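For the sequence shown, the numbering used here gives the first residue as -6, with consecutive numbering after it. Heads up, the beta-carbon is just placed ideally off N, CA and C, and yes, glycines get one too. Model, not experiment: these values are computed from the prediction. Some notes on the structure that comes next.
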Amino acid sequence: MAATIKQAIQAHQRGDLGEAERLYRQLIASQVAKPSVFQNLGALLREQGKIPEALSIYKLGLDVCPKDPGILANRANIYKDSKPATALFDIFDALKANPSLVNSWVTAIAILVDFDCKDYALHVAKQSLLAGCADTRLIIQILDLLGRCADRTSPILKTKLHLQILQSLQNVTATLPVTQRIDTLLAIAFHCADQGFSEQSTSFYHQALRLLPLQSDQLQLAERKKIQSLITSHSWNMACMLLKEEEFAQGWKLYDYGLRTPSKSPQQWQRALRKPFSIKQVPIWRGEPLEGKHLLVLEEQGIGDSMMFLTLLPTILSEAESVDLIVGERLEPIYRRVFTGQARVWTHHEFEDQTFNPATFAFQTALGSIPQYRFTTIDCYAPKVPLLTISPSHVSRLRQNYLDQVGAAASTKLIGVSWSGGGTKSRVKAKSMPVALFQELLKGANNTIFVSLQYGDVAQRVEAWKSQGIPIIHDPDIDALLDMDSWLQQVAACDAIVSVANTTIHGAGSLNIPTMCLLCEPSDWRWLRGSAIQRSYWYPSVGIARQSVSGDWQPAVDSTLQWINDDCPMPCGPYSNQPAIE
């Protein structure tokens, strides 16, 4: 009985590869084989690792069906790793015959990127879009390519080709199903934000948002939820990107999406709040005038973020009739002292024990939701410096104790240090400085005593450094996790601070102590992007020593050592990308 293509394909699909191969070969031998037979048999042999046999079948297929795009594309898949240049010839021949082969466009661009032919890859990307290839994989790959090409110091960022590709991307999304279209438009918006195209970013973002209500009646509930989830996660990512670009008006508005964006870390959401009242009981503050109003302010989930946003509270205190602030137990004694006579400060348990009537409050707000209404320009930040107050006598005694431990003169510099960041495992690794490199920094400083401000069990690490002649102190009586007020006194006892981006920066910055932040690349949304930025806009006393884009910490170590040996001057220089802001 003569074999049929249908029988061969059925055998292939059910995993009977021996039978499928026999039937495919029978079809070829009968000289009635279509191109798909050569494609399928070649793919089958390739899956089994029979590469020479697969190539032989593809050659035979091209003898029978010259320039068949499917056979050429399949052969290119074999060549792409071992002979990528040969694969490109096959791919381009295939695309001439059939420009709709999405996988071939994807493979061609990937090969060109691997060859570092990014300009050529951009032109190929443009051709794929002109051919009308509307596929999410291809679009995401093109956005990645644009990101690779758009070195922020290179003119290619603003080239006509780049903008043409963005326009073409917009055009091809029109043919995608609504969910993919929204996802793609949001991805394009994120790319534009990343590359500094603020106007285009906003345009693509709002195009995506407008699609949801237009299509909601035609979508099942599960699909609507999926689309809303896409919008939520993309909006949070956009917020983080826009804030790094100093696009505060839009960035802080989207920052509220963090309240419902899932987190990869132990907490459920990117921003998790503990609210004593529902929205129905106490309305959310949305920027209304606060004159004569009683406002309830809720802390952010992280200690560092709460401290950072609390630097903005003096502005709100000057507007509202009264403010009640709820913070965690570690921060409560600190900020009760800071805001004495200006706000009532409670822990969550203390507040709940008071059994407040919800009608007491006109509004409630999370600390991180305040900036969108009052802090959309950079000159509004750090309204009161320093914010924190510490007992001078306690600080003086602690400082003298440290100097006495090492027999140092009163003129000796005490520099607090911290070398490990917090967060998820991947962020800890990214933010932290390798111990060996941090050791190099410690060894290079002159006339300096170091004080470990690092969280966690670091006694052994400090002892190891001391055994190598590094003058560093570890105070076992101070544990920031148990008593943050005592830890802040330790910070205040130092003349200067050197730390990676962690809570130490917030403590030192709030005390207005000269500080150098060893900032990883890429940094997070709390820091403006750009090598020209030399200070934190949250804390005027915090300078920045950046890891290089390539991941090298050495430039940051060198500049920090120079700063230390120059006697740790108060950092100065630009804290904004806006003209003439220093």
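**OP:** Using beta-carbon positions only, say whether ILE2 and PHE31 come within less than 8 Å of one another.
**Re:** no
Original post:
What do you get for GLN542, buried or exposed, if any count of 16 or more other CB atoms within 10 angstroms of its CB means buried?
Top reply: Reading off the sequence, residue 542 comes out as Val, not Gln. VAL542 comes out exposed.
Subject >> Uninterrupted alpha helix (DSSP H) stretches inside the segment 291 to 342 (no shorter than 4 residues) >> reply: Runs found: 296 to 303, 306 to 310, 325 to 331.
**OP:** Under 8 Å by Cβ, that's how I've got LEU305 and TRP518 pegged, so tell me the actual separation to the nearest angstrom.
**Re:** Contact doesn't hold; Cβ gap of about 16 Å is too wide.
Original post:
What's the C-alpha gap between ALA127 and LEU310?
Top reply: 53 Å
Original post:
Taking all protein chains shown into account, do 16 or more other C-beta atoms lie within 10 angstroms of the C-beta of CYS565, making it buried, or fewer, making it exposed?
Top reply: exposed
**OP:** Please list, in chain order, all residues of the same chain as THR(-3) whose beta carbon is under 6 Å from its beta carbon, the five residues on each side excluded.
**Re:** none
Original post:
Should SER147 go down as buried or exposed, given a rule of 16 or more other Cβ atoms within 10 Å for buried?
Top reply: Confidence in SER147 is poor, its pLDDT being 46 and thus under 50, which makes the residue's placement unreliable; the coordinate value appears in the next sentence. With fewer than 16 Cβ atoms within 10 Å of its Cβ, SER147 is classed as exposed.
Original post:
For ILE471, which residues from the same chain have a beta carbon less than 6 Å from its beta carbon, with the 5 sequence-adjacent residues on both sides left out?
Top reply: SER479, TRP480, GLN483
Original post:
What beta strand (DSSP E) runs, 3 residues minimum, are completely inside the segment 522 to 574?
Top reply: 535 to 539
**OP:** Work out the CA separation of VAL493 and GLY536 for me, nearest whole Å.
**Re:** VAL493 has its alpha-carbon roughly 11 Å from the corresponding atom of GLY536.
**OP:** Name the two residues that bound the continuous beta strand (DSSP E) containing THR508.
**Re:** 508 to 512
**OP:** Tell me LYS406's beta-bridge partners as DSSP assigns them.
**Re:** Per DSSP, THR441.
Original post:
CA-CA distance, ARG329 and PRO307?
Top reply: 13 Å
Original post:
By Cβ distance, which residues of its chain are closer than 6 Å to THR508, with the 5 residues on each side in sequence left out?
Top reply: ILE490, ALA501, SER534, VAL535
Original post:
Taking Cβ to Cβ, would you say ARG539 is nearer than 8 Å to ALA549?
Top reply: The answer is yes: Cβ separation under 8 Å.
**OP:** Assuming SER411 contacts GLN461 (C-beta within less than 8 Å), just tell me the rounded distance between them.
**Re:** About 19 Å; that fails the 8 Å criterion.
Original post:
Can you tell which of PRO427, ASN440, PRO572 has its C-alpha closest to the C-alpha of ARG454?
Top reply: PRO427
Original post:
Can at least three beta-carbon pairs, one atom from the segment 165 to 180 and one from the segment 118 to 133, be found at a separation below 8 Å?
Top reply: yes
**OP:** Indicate whether GLN357 and LEU435 have their beta-carbon atoms separated by less than 8 Å.
**Re:** no
Original post:
Can you tell which of ASP372, SER413, LEU475, GLN243 has the C-alpha that lies nearest to the C-alpha of CYS510?
Top reply: SER413
Original post:
Thinking just about the alpha-carbon of each residue, which of ALA352, ASN570, SER23 is nearest to the one in GLN274?
Top reply: ALA352
Original post:
THR254: buried (16+ other C-beta within 10 angstroms of its C-beta) or exposed?
Top reply: Answer is buried; the Cβ neighbour count reaches 16.
Subject >> Secondary structure of PRO92, DSSP reduced to three states >> reply: coil
**OP:** Indicate the three-state DSSP secondary structure (helix, strand or coil) for HIS287 in the structure shown.
**Re:** strand
Original post:
Buried or exposed: which applies to LYS76, given that a residue is buried once 16 or more other Cβ atoms fall within 10 Å of its Cβ?
Top reply: exposed
Original post:
Within this structure, are the beta carbons of GLY361 and TYR248 separated by less than 8 Å?
Top reply: yes
Original post:
What do you get for LEU475, buried or exposed, if any count of 16 or more other CB atoms within 10 angstroms of its CB means buried?
Top reply: exposed
Subject >> Distance CB(ALA80)-CB(TYR72) smaller than 8 Å >> reply: yes
Original post:
Given THR369, which residues of its chain have a CB within under 8 Å of its CB, disregarding the five upstream and five downstream residues?
Top reply: PHE241, ALA242, TRP245
**OP:** Let me know the secondary structure DSSP gives THR369 once reduced to three states.
**Re:** coil
Original post:
Leaving out five residues before and five after VAL378 in sequence, what residues of the same chain have Cβ atoms less than 7 Å from its Cβ?
Top reply: ASN505, PRO533
**OP:** Would you mind sorting VAL331 into buried or exposed? The rule is 16 or more other CB atoms within 10 Å of its CB.
**Re:** buried
Subject >> GLY108 - DSSP class collapsed to helix/strand/coil >> reply: The identity of residue 108 in the sequence shown is Phe, whereas the question assumes Gly. Look at PHE108 here: in three-state DSSP terms it is coil, with no helix or strand label.
Original post:
How many Å lie between THR129 and SER194 at the Cα?
Top reply: 18 Å
**OP:** Specify the secondary structure class of GLN200 as computed by DSSP and reduced to three states.
**Re:** helix
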